[in-house]
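Asks: Dumping the structure here so I can ask a few things about it.
Number of protein chains: 2
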Amino acid sequence: MRKQLAYFIVILLTFSGSLCFAQTDQEAVKEDFKTAPNAQPGKEYPQVNSEGRIRTQISAPEADTVQLDISAVKYNLTKDENGVWIGESAPQDEGFHYYQLWVDGAAVPDPNSKYYYGAMRWGSGIDIPAHDEDIFALKDVPHGQTREILFPSKSTDIDRRAFVYTPPGYEKDLDKSYPVLYLQHGWGENEFGWPNQGKANLIMDNLIAEGKAKPFIIVMTYGMTNEVKIGGLRNFDIKPFQSVLVDELIPYIEKHFRTLTDQPNCAMAGLSMGGFETKLITLANLDTFSHIGLFSGGSISLDDVNNTPGFKDKVKLVFVSFGGREIDRMRENGYSWGGNPEEATEAIAKEGINAHFYVSPKTAHEWQSWRRSLYEFAQLVFQN
Amino acid sequence: MRKQLAYFIVILLTFSGSLCFAQTDQEAVKEDFKTAPNAQPGKEYPQVNSEGRIRTQISAPEADTVQLDISAVKYNLTKDENGVWIGESAPQDEGFHYYQLWVDGAAVPDPNSKYYYGAMRWGSGIDIPAHDEDIFALKDVPHGQTREILFPSKSTDIDRRAFVYTPPGYEKDLDKSYPVLYLQHGWGENEFGWPNQGKANLIMDNLIAEGKAKPFIIVMTYGMTNEVKIGGLRNFDIKPFQSVLVDELIPYIEKHFRTLTDQPNCAMAGLSMGGFETKLITLANLDTFSHIGLFSGGSISLDDVNNTPGFKDKVKLVFVSFGGREIDRMRENGYSWGGNPEEATEAIAKEGINAHFYVSPKTAHEWQSWRRSLYEFAQLVFQN
């Protein structure tokens, strides 16, 4: 178990250092930069061009060195006569990336960007336009609500936060009840991940408006109750989070929302470490959960199926996904960590499990893979 | 009108530069610092001591100067042998303050703090423990929900965000409808102000649990549709925001929430520029609004009452509040801007208006004044 958890952290760290473009093609920078959606209101920077480069700007008149740090590569900015530094990165993959600036050795958020929680800190993030960004665009369609709730947790002795997405129409037909998906973030992230950079609400609003997904409730809470840190994996124990989720949050949601509370209408999914948690918790609680989604978070093998009593009867969906660049890396490494997830998924499908495998084109262990994974998963979940 | 709006910006800027303690008493710093609630998860800094000093820390090995900038005073930090800078401010007023760091001339957020929107940017904030912080403490009481909604706005051609607080119990008794308060932020802030640093949800949860306030819905949206900036005041026009609020948001809320839609059950309040907007919009729409709250945002005079047809019949509450340090400053200036708000409030009370005046002890044009104002206002609104 420890080995599997380490895998997600290793792959996260490996990927964040895997795209080491050298900054050799400065003369070729295409001058069609536009302000990114991640810029703070009224700010011109950060900007992105059609090649996927990010350009940042910061005033630092007395600094000697200012760098833009993205995908584990640092790019030197250059200073103008007013002490304003400017510069850009190499082209980035489409989708969302965390980044930061370095000012004379201090790692700081870009004061021009909006902030997101990831890599164990609130900091800057940038969206490189994706060919399929329409799936999470803000459109003039009926919108659901994203609700911040505080639920009592005896096991951790505090009232804890969760975000709850209720689909459009939830407020209108008060006799209707809905299936529920419990959706987890990854290591170093928190409950803000899916509602903020994950765009879960917009993905769902758009899918529901097009009739591509059933309306359901999504519950997103903090999954690192065990305070997992690098080096602290030896003590990783799923039980504290499982208690919060299964014994405290689920009963609270069922009491305060109009939910379908039977097993066929309860799903769990998660990304990276959240997928690892999903696998552990669902397989140990198949009387509660029927639909399972693992996004860049391992797979379910034939052994898992055979060693889990009732799996074939109770599990209605297994969805396994990865970013294309993750799969490439796993293949290069001979699937030394955790095996080949596509083969594993095919193997259980052959045994009659409703199992699906999805690869997000040309994305790494990052949010664009997971936005797409939710988009795909949401069209499959609660359909049987 | 322009003059009044300028007043709120002037007082904001004046106050942010008014507490210029010199850093002369370093030897007397009390070493009882504790991590502030505004620190990011797992971070040790920023810290606050019992004198109300804030201490920050940042690694910047190659920097020549690092400063902590709070209440318009910059404090030099000192560097240790590892390149880590540390230092503290003079004592601050209790309550919430925005702050930033300067690293060799670059103004940046403190990478250790949580971020808040104010002064036209997402940046660092700190809470100096207040003697009455119990009013917004997270307690084991029934909690309401803070919901992010997206409502269509034809006048601005986009779906706009609002936060909606629904009180505890809203989900249970589906036959019950609630009064609604429209609550505005100040200049340079946005719709995140009241739910984040304003603590509106916790203030209400606690008041309702103690039976001190009626349960009601609070709606918080962005009030700067006119893109007011310093220097742009000449073009200030309440109409764009009034259209969004009165013609678009209110009908949406009435359709999607269980509201009491009659005039006696509709209130508006706001802080600073939001108070200015509240006065303009309520007085022009007395068929919609009955209860009015101005927090550090001017007052309502006898002339206002006499010049507004129907005021005496239709207005059920006028609540006017300021921070004590604001009142001191206004007195020193001979009430040259906008007159004496206490006298104005007394004058309309004598004419039979249900008018209340509140002063937040020893706080300036800052969030602690406004948290307390909401706490007081919430106990008076919808009571008659």
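In order, the protein sequences belong to chains U and C.
Using this note's numbering, the letters of the first sequence map in sequence onto residues 70 to 453.
Using this note's numbering, the letters of the second sequence map in sequence onto residues 70 to 453.
The beta carbon of each residue, even a glycine, is placed where N, CA and C say it ideally should be.
Nothing here was measured: the structure is a model prediction, and the numbers come from that model.
Hey, is Trp-191 of chain C's beta-carbon within less than 7 Å of any beta-carbon in chain U?
Replies: To locate residue 191 of chain C, count along the second sequence from 1; it is residue 122. Output row for Trp-191 of chain C: interface = yes.
Asks: When you compare the segment 334-349 of chain C with the segment 360-375 of chain C, are there three or more beta-carbon pairs, one atom per stretch, that lie closer than 8 Å?
Replies: Yes, since at least three Cβ pairs between the segment 334-349 of chain C and the segment 360-375 of chain C fall closer than 8 Å, the two stretches touch.
Asks: Is the CB-CB distance between Thr-432 of chain U and Gly-367 of chain U below 7 Å?
Replies: Reading the first sequence from its first residue, position 363 is the one you call residue 432 of chain U. Reading the first sequence from its first residue, position 298 is the one you call residue 367 of chain U. Cβ distance not < 7 Å, so Thr-432 of chain U and Gly-367 of chain U don't count as in contact.
Asks: Quick test of your reading: Ile-286 of chain C and Thr-235 of chain C, contact by CB under 8 Å. State the CB separation rounded to the nearest angstrom.
Replies: Taking the second sequence and counting its residues from 1, one reaches residue 286 of chain C at position 217. Taking the second sequence and counting its residues from 1, one reaches residue 235 of chain C at position 166. Indeed, because the Cβ distance is near 6 Å, the residues count as touching under 8 Å.
Asks: When DSSP labels each residue in this structure, what does Leu-271 of chain U get in the three-state scheme?
Replies: In the first sequence, the residue the question calls residue 271 of chain U occupies position 202. Helix.
Asks: By Cβ distance below 6 Å, which residues in the same chain neighbour Ile-350 of chain C in space, the five residues on each side in sequence not counted?
Replies: If you number the second sequence from 1, residue 350 of chain C lands on position 281. Excluding sequence neighbours, Ile-350 of chain C sits near Gln-311.
Asks: Which same chain residues end up closer than 6 Å to Tyr-114 of chain U when comparing Cβ atoms and leaving out the 5 residues on each side of it in sequence?
Replies: What you label residue 114 of chain U is simply residue 45 of the first sequence in a count that begins at 1. Counting only Cβ-Cβ distances below 6 Å, and skipping sequence neighbours, we find Thr-125, Gln-126 and Asn-181.
Asks: I'd like the span of the beta strand (DSSP E) that includes Val-457 of chain U, first residue to last.
Replies: With chain U covering only 70 through 453, there is no way to say anything about residue 457 of chain U.
Asks: By the criterion of Cβ-Cβ separation under 7 Å, what are the contact partners of Glu-217 of chain C in chain U?
Replies: If you number the second sequence from 1, residue 217 of chain C lands on position 148. Result: Gln-214 and Thr-215.
Asks: Assuming contact is defined by CB atoms lying nearer than 7 Å, are Tyr-444 of chain U and Ile-204 of chain U in contact in what I supplied?
Replies: Indexing the first sequence from 1 puts residue 444 of chain U at position 375. Indexing the first sequence from 1 puts residue 204 of chain U at position 135. A contact, by the Cβ cut-off of 7 Å.
Asks: In chain order, what are the residue ranges of uninterrupted alpha helix (DSSP H) at least 4 long that sit wholly in the segment 306-377 of chain C?
Replies: List check, alpha helix (DSSP H) in window: 308-311, 319-325, 342-353 and 371-376.
Asks: For the segment 211-278 of chain U, which segments carrying the alpha helix (DSSP H) assignment without a break, of at least 4 residues, lie completely within its bounds, in sequence order?
Replies: Entirely contained in the segment 211-278 of chain U, the alpha helix (DSSP H) runs reaching 4 residues are, in chain order, 269-278.
Asks: Flag this pair as yes or no: are the beta carbons of Lys-281 of chain U and Gln-448 of chain U separated by less than 7 Å?
Replies: On the first sequence, residue 281 of chain U is found 212 positions in, with the first residue counted as 1. On the first sequence, residue 448 of chain U is found 379 positions in, with the first residue counted as 1. Cβ atoms of Lys-281 of chain U and Gln-448 of chain U: closer than 7 Å.
Asks: Under 7 Å between C-beta atoms, does Asp-138 of chain C make it to chain U?
Replies: Within the second sequence, the letter at position 69 stands for residue 138 of chain C. False, the Cβ-Cβ gap to chain U never drops below 7 Å.
Asks: Taking 6 Å as the limit between beta carbons, can you name the residues of its chain near Gly-255 of chain U, skipping five residues before and five after?
Replies: Working through the first sequence from its first residue, we reach residue 255 of chain U at position 186. Leu-340, Ser-341, Met-342 and Gly-343, listed in sequence order.
Asks: I want to verify the contact list: residues of chain C whose CB lies under 7 Å from the CB of His-325 of chain U, in sequence order.
Replies: Position 256 of the first sequence, counted from the start, is the residue given in the question as residue 325 of chain U. Here the neighbours are Glu-240.
Asks: Using the beta-carbon of each residue, which ones in chain C are nearer than 7 Å to Glu-120 of chain U?
Replies: Looking up residue 120 of chain U in the first sequence gives position 51. Residues of chain C passing the Cβ test: none, with the nearest at roughly 27 Å.
Asks: Measuring CA to CA, which of C:Pro-248, C:Pro-320, C:Gly-174 and C:Pro-284 is closest to Pro-221 of chain C?
Replies: For this step, residue 221 of chain C is matched to residue 152 along the second sequence. Ranking C:Pro-248, C:Pro-320, C:Gly-174 and C:Pro-284 by Cα distance to Pro-221 of chain C puts C:Pro-320 first.
Asks: What do you reckon, are the CB atoms on Ile-417 of chain U and Val-374 of chain U nearer than 7 Å?
Replies: Working through the first sequence from its first residue, we reach residue 417 of chain U at position 348. Working through the first sequence from its first residue, we reach residue 374 of chain U at position 305. Their beta carbons are under 7 Å apart, which means Ile-417 of chain U touches Val-374 of chain U by this criterion.
Asks: Would you check if the distance between the CB atom of Leu-219 of chain U and the CB atom of His-212 of chain C is smaller than 7 Å?
Replies: Against the first sequence, residue 219 of chain U aligns to sequence position 150. Against the second sequence, residue 212 of chain C aligns to sequence position 143. Closer than 7 Å, so yes.
Asks: Among U:Phe-261, U:Val-153 and U:Asn-354, whose alpha-carbon lies nearest the alpha-carbon of Ala-176 of chain C?
Replies: Locating residue 176 of chain C in the second sequence gives position 107, counting from the first residue. For Ala-176 of chain C, the nearest C-alpha among the options comes from U:Val-153.
Asks: Within the continuous beta strand (DSSP E) that includes Leu-137 of chain C, where are the two ends?
Replies: Along the second sequence, one-based indexing puts residue 137 of chain C at 68. Element bounds for Leu-137 of chain C: 135-139.
Asks: From Ser-224 of chain C to Gly-111 of chain U, what does the alpha carbon distance come to, in whole angstroms?
Replies: Sequence index remark: in the second sequence, residue 224 of chain C carries index 155 (1-based). Sequence index remark: in the first sequence, residue 111 of chain U carries index 42 (1-based). Distance between the alpha carbons of Ser-224 of chain C and Gly-111 of chain U is about 20 Å.
Asks: Which of helix, strand or coil does DSSP assign to Arg-441 of chain U?
Replies: Indexing the first sequence from 1 puts residue 441 of chain U at position 372. Of the three classes helix, strand and coil, the one that applies to Arg-441 of chain U here is helix, per DSSP.
Asks: Can you find a CB in chain C that lies within less than 7 Å of the CB of His-184 of chain U?
Replies: The count along the first sequence starts at 1 and reaches residue 184 of chain U at position 115. This sequence places Tyr at residue 184 of chain U; His is not what is there. Judged by the 7 Å Cβ criterion, Tyr-184 of chain U is in contact with chain C.
Asks: Tell me which same chain residues have a C-beta within less than 6 Å of the C-beta of Asp-352 of chain U, skipping the five on either side of it?
Replies: Within the first sequence, numbered from 1, the residue matching residue 352 of chain U stands at position 283. It is Leu, not Asp, that sits at residue 352 of chain U in the sequence shown. Around Leu-352 of chain U: Thr-377.
Asks: In whole angstroms, give me the CA-to-CA distance for Leu-88 of chain C and Ser-140 of chain C.
Replies: The residue labelled residue 88 of chain C in the question sits at position 19 within the second sequence. The residue labelled residue 140 of chain C in the question sits at position 71 within the second sequence. Summary for Leu-88 of chain C: the model assigns pLDDT 42, below 50, so the residue's position carries little reliability, and this model does not support an answer.
Asks: Spatial neighbours of Tyr-12 of chain U within its chain, please: C-beta separation below 6 Å, excluding the five flanking residues on both sides.
Replies: Absent from the model: residue 12 of chain U. The displayed extent of chain U is 70 to 453, so no value can be given.
Asks: With a threshold of 7 Å between beta-carbons, can Pro-180 of chain C be considered close to chain U, or not?
Replies: In the second sequence, residue 180 of chain C corresponds to position 111, counting from 1. Judged by the 7 Å Cβ criterion, Pro-180 of chain C is in contact with chain U.
Asks: Across the segment 94-109 of chain C and the segment 142-161 of chain U, are there enough close Cβ pairs to call them in contact, namely three or more that are closer than 8 Å?
Replies: No, the segment 94-109 of chain C is not in contact with the segment 142-161 of chain U.
Asks: Step through the CB atoms of chain U and report whether any lies within less than 7 Å of the CB of Leu-443 of chain C.
Replies: Here residue 443 of chain C is taken as the residue at index 374 of the second sequence, counted from 1. No, Leu-443 of chain C lies away from the interface with chain U (no Cβ there is under 7 Å from its Cβ).
Asks: Mind checking Glu-150 of chain C: buried by the 16 CB within 10 Å criterion, or exposed?
Replies: Residue 150 of chain C sits at position 81 when you count from the first residue of the second sequence. Answer is exposed; the Cβ neighbour count stays below 16.
Asks: How many angstroms separate the CA atom of Lys-241 of chain U from the CA atom of Trp-171 of chain C?
Replies: For the purposes of this step, residue 241 of chain U is taken as residue 172 along the first sequence, with counting starting at 1. For the purposes of this step, residue 171 of chain C is taken as residue 102 along the second sequence, with counting starting at 1. The straight-line gap from Cα to Cα measures roughly 51 Å.
Asks: Tell me where the beta strand (DSSP E) around Glu-157 of chain C begins and ends.
Replies: Reading the second sequence from its first residue, position 88 is the one you call residue 157 of chain C. Element bounds for Glu-157 of chain C: 153-157.
Asks: What three-state label does DSSP hand Phe-205 of chain C in the structure shown?
Replies: As a position in the second sequence, residue 205 of chain C is number 136, starting the count at 1. Here Phe-205 of chain C sits in helix by DSSP.
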